[in-house]
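**Q**
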Amino acid sequence: MDKDIATPVRTRAILEKYGFSFKKSLGQNFLIDTNILKKIVSFADLTENSGAIEIGPGIGALTEQLARSSKKVVAFEIDQRLLPILRDTLSPYENVKVIHKDVLEADVGNVMEEEFQGIDDLMVVANLPYYVTTPIIMKLLEDRLPIRGIVCMLQKEVADRISAKPGTKDYGSLSIAVQYYTEAETVMIVPKTVFVPQPNVDSAVIRLTKREKPAVEVKDEVFFFQVTKASFAQRRKTLLNNLTSQLPDGKQKKEEILAALSASEIDPGRRGETLSLEEFGRLANELYSYFN
């Protein structure tokens, strides 16, 4: 009767069979609600010709749903203790490959090339370990992987920051970094009660749809992100104060910073959180010649 992995009874039976204990350091929280997993998969719009990349498959609850909805699933798992469990739980599915590697150290592009030959539609779908959510998302985006997008579950607070709009308290350099590459939306809130062990926070599912080209055209990406980070260094400070104190030689280049703000038609007294992506793009392009 309990053929799905993600039921409380089946999950408990699997954990007991293998004597598995959760490692806090790996942020392990397993979902025990099949309906929520099916919803997560539905947000990815997979077809029988899609490939899915998963990160942190745990005991295979989401992997199983992905295997049923796509042509092939490749999952990265860092915890060696889960490999024999996954071999067991995913044995009915021939279209799944588990790679024992930290995704942050893996050459994901290379793996995709090898594993998804002939598959053009690729999505990352994952219940991400909360302690490394941001580095994983940024790696996937910065590596310019040939994916259509990312659907992932993460801490609600981080999801709020990623999908935040200008002028809100959650809007910051992370919102800009992710929205530069993708269109971001929070598609679902997930209560802590559907996990074992229960996390201390609520979770959310976000969908990141990759833009064909970045949201704004910038002269230098590294410098653009440096400017946005500097602008939010101290949220209460004005743009002018943050830029002069955070950019290299900013104090000596105050006049140049004022000139760049004026050329971008941005009031130096504004705060970083009020600027749109386009305004940050304009400002970074004006500042670039003064700082390089």
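Numbering of the sequence shown is given in our numbering, commencing with residue 2 and proceeding in unit increments. Where is the CB? At the ideal position from N, CA and C, for every residue including glycine.
1. Does the region 146 to 159 touch the region 124 to 132, meaning 3 or more C-beta pairs lie closer than 8 Å?
2. Beta-carbon within less than 7 Å of Tyr-289's beta-carbon, same chain only, minus the 5 sequence neighbours each way: which residues are those?
3. Does the beta-carbon distance from Leu-276 to Tyr-181 come in below 8 Å?
4. Decide if Leu-91 is buried, meaning its Cβ has at least 16 other Cβ atoms within 10 Å, or exposed.
5. Examine the Cβ distances between the region 136 to 155 and the region 73 to 83 and report whether three or more of them are shorter than 8 Å.
6. Measure the C-alpha to C-alpha separation of Ala-260 and Lys-98 and round it to an integer number of angstroms.
7. Measure from the alpha carbon of Arg-162 to the alpha carbon of each residue in Ile-207, Arg-145, Ile-137 and Asp-121, then state which is nearest.
8. Could you tell me which residues DSSP puts in a beta bridge with Ala-261?
9. Should the region 67 to 76 be called in touch with the region 9 to 17, which here means at least 3 C-beta pairs below 8 Å?
10. Let me check one thing: in DSSP terms, what residues is Gly-57 bridge-paired to?
11. Mind checking whether Ile-148 and Val-104 have CB atoms under 8 Å apart?
12. Give me the DSSP bridge partner(s) of Val-191.
**A** Walking through what the data contain:
1. Below 8 Å, enough C-beta pairs join the region 124 to 132 and the region 146 to 159 to call them touching: three or more.
2. The beta carbon of Tyr-289 sits closer than 7 Å to the beta carbons of Lys-220, Asp-221 and Phe-224 from its chain, once the five residues preceding and following it are set aside; these are given in chain order.
3. Not in contact: Leu-276 and Tyr-181 (Cβ atoms no closer than 8 Å).
4. Classification for Leu-91: buried.
5. Contact between the region 136 to 155 and the region 73 to 83 is not established, with fewer than three Cβ pairs separated by less than 8 Å.
6. Taken atom to atom, the span from the alpha-carbon of Ala-260 to that of Lys-98 is near 55 Å.
7. It is Ile-207.
8. Residue pairing by DSSP places Ala-261 opposite no residue, since no beta bridge is assigned to it.
9. The answer is no - the region 9 to 17 does not touch the region 67 to 76, with fewer than three Cβ pairs under 8 Å.
10. Looking at the DSSP assignment, Gly-57 forms no beta bridge with any residue, so it has no partner.
11. Using a Cβ distance threshold of 8 Å, Ile-148 and Val-104 do not count as a contacting pair.
12. For Val-191, which the question treats as bridged, DSSP gives the partners Ser-204.
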